[in-house]
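Residue 104 in my numbering sits at position 104 of the sequence shown, with consecutive numbering throughout.
Below you'll find the structure, written out as structure tokens, and then a few comments.
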Amino acid sequence: MRRIGLIGGTTWLSTADYYRLINLMVNERLGGKEYPEVSLESINFGDLVRNNEVNDQPANELIFIGAAKRLAAAGVAGIAICANTPHIFADAIERETGLPVVHIAAATTQAVKASCIRQVGLLGTKILLDSGIYAAALSEAGIECITSNEADKDFVHRTIFDELGRGEFTDALRDKYITIINNLKAAGAEGVILGCTEIPILFANHEIPIPSFDTTRLHAASIVDFILAT
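The following block contains the structure:
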């Protein structure tokens with residue numbers, strides 16, 4: 001097995017899900033008492049939020065590069081970022097560490113393509129949506145990426161940081177997200193990418209009105225593929 005380096009803390013809630021899923025998936029494949037070797041760098045979510053409030057993404061990039069360099073020094077074979085939005089720094093992390101980043105958009109795009117869906121909605125922070133990471137990966141696979149109207153984008157962005165990031169998963173919030181997903185459906189989306197790793201937690205044990213893609217679980221499976229690759 002190859003040792004994987006995880007950059008977590010964005011937020012700790014989904015990071016815990018990553019750790020659990022990666023361990024379970026490795027053990028399911030290998031059996032016995034086999035579990036992966038994992039190094040974790042958990043950053044302060046509050047630092048990221050403060051930088052976002054003043055639109056200082058270069059400062060956030062330095063935080064993630066610093067975490068990645070510490071993982072590289074620990075001897076990991078590759079790096080995985082336990083969140084969607086910080087993948088805007090994936091190229092810089094690869095450049096600064098010389099290590100591969102197991103990319104969440106690549107894993108998700110593969111799953112959408114396998115489903116034969118050709119128009120998919122994307123939920124996530126405005127930073128992620130504006131970056132075009134998913135749109136580019138999906139377009140290369142022949143899939144159109146549909147995003148919400150500005151009001152819905154603003155709502156999702158705000159609640160990711162103000163509510164989901166603090167572990168507030170209420171029925172009222174879930175109902176609003178369903179309305180937003182139905183708006184995406186009306187705009188032509190055949191499915192929806194849950195492009196924030198806290199959104200799957202919001203919908204745990206609850207149905208979504210169109211096929212959905214849990215980026216946490218899909219990414220975890222891709223990370224396991226990396227760990228077990230020979």
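In this text, a Cβ means the ideal position worked out from N, Cα and C, and glycines have one as well.
Identity of the residue in the options nearest residue i by Cα
| i | options | result |
| --- | --- | --- |
| E144 | A114, P209, A189 | A189 |
| C196 | I127, I93, N84, G46 | N84 |
| I201 | N183, K176, I210, T170 | T170 |
| K185 | T147, L129, L40, C82 | T147 |
| F203 | I178, A187, N183 | I178 |
| V76 | T125, I7, P86 | I7 |
| N205 | L24, R174, P100, S14 | R174 |
| N182 | A172, I210, A73 | I210 |
| S212 | Q119, S131, A151 | Q119 |
| D154 | K176, V101, G66, A114 | K176 |
| A92 | A114, Q110, A68 | A68 |
| A111 | L21, A141, A73, D56 | A141 |
| N149 | G66, K113, A114, A187 | A187 |
| N52 | G167, G66, T125, E168 | T125 |
| S131 | E168, Q57, G66 | Q57 |
Test item: CB-CB of residue i and residue j under 7 angstroms
| i | j | result |
| --- | --- | --- |
| T11 | G165 | yes |
| V156 | L123 | yes |
| I208 | A80 | no |
| E37 | N27 | no |
| F64 | G9 | no |
| A135 | A105 | no |
| E41 | R70 | yes |
| H87 | I133 | yes |
| A220 | L21 | yes |
| A90 | V101 | yes |
Where residue i falls, given that 16 or more other Cβ within 10 Å makes a residue buried
| i | result |
| --- | --- |
| N60 | buried |
| Y18 | buried |
| S139 | exposed |
| G214 | It is worth fixing the name first, because residue 214 is Asp in this sequence and not Gly. D214 is buried by the Cβ-count criterion. |
| C82 | buried |
| A172 | exposed |
| L30 | exposed |
| L129 | buried |
| T72 | Residue identity differs from the one stated: residue 72 is Ala in this sequence, not Thr. Buried, by the Cβ-count rule. |
Distance between beta carbons of residue j and residue i, contact taken as under 8 angstroms
| i | j | result |
| --- | --- | --- |
| L218 | T108 | 5 angstroms |
| P227 | M1 | First, the residue type needs correcting, since residue 227 is Ile and not Pro in the sequence shown. With a Cβ gap of about 5 angstroms, I227 and M1 count as contacting. |
| V49 | F161 | 6 angstroms |
| I117 | G191 | 5 angstroms |
| A39 | G78 | Looking at the sequence provided, one finds Ser at residue 39 rather than Ala. Their Cβ separation, rounded to whole angstroms, is 11 angstroms, which puts S39 and G78 out of contact at 8 angstroms. |
| D225 | I180 | Actually they are not in contact, since the Cβ atoms of D225 and I180 sit about 31 angstroms apart, beyond 8 angstroms. |
| T216 | S14 | 6 angstroms |
Margin query: To test your reading of the DSSP string, which unbroken alpha helix (DSSP H) runs of 4 or more residues are found completely within the stretch 7 to 55?
Written below: 12 to 30, 45 to 53
Check: Whole alpha helix (DSSP H) runs in the stretch 96 to 158 with 4 or more residues, listed along the chain?
Finding: 104 to 114, 126 to 131, 133 to 140
Notebook entry, point to check: Which runs of the alpha helix (DSSP H) spanning at least 4 residues fall entirely within the stretch 160 to 212, listed in chain order?
Noted result: 171 to 186, 199 to 202
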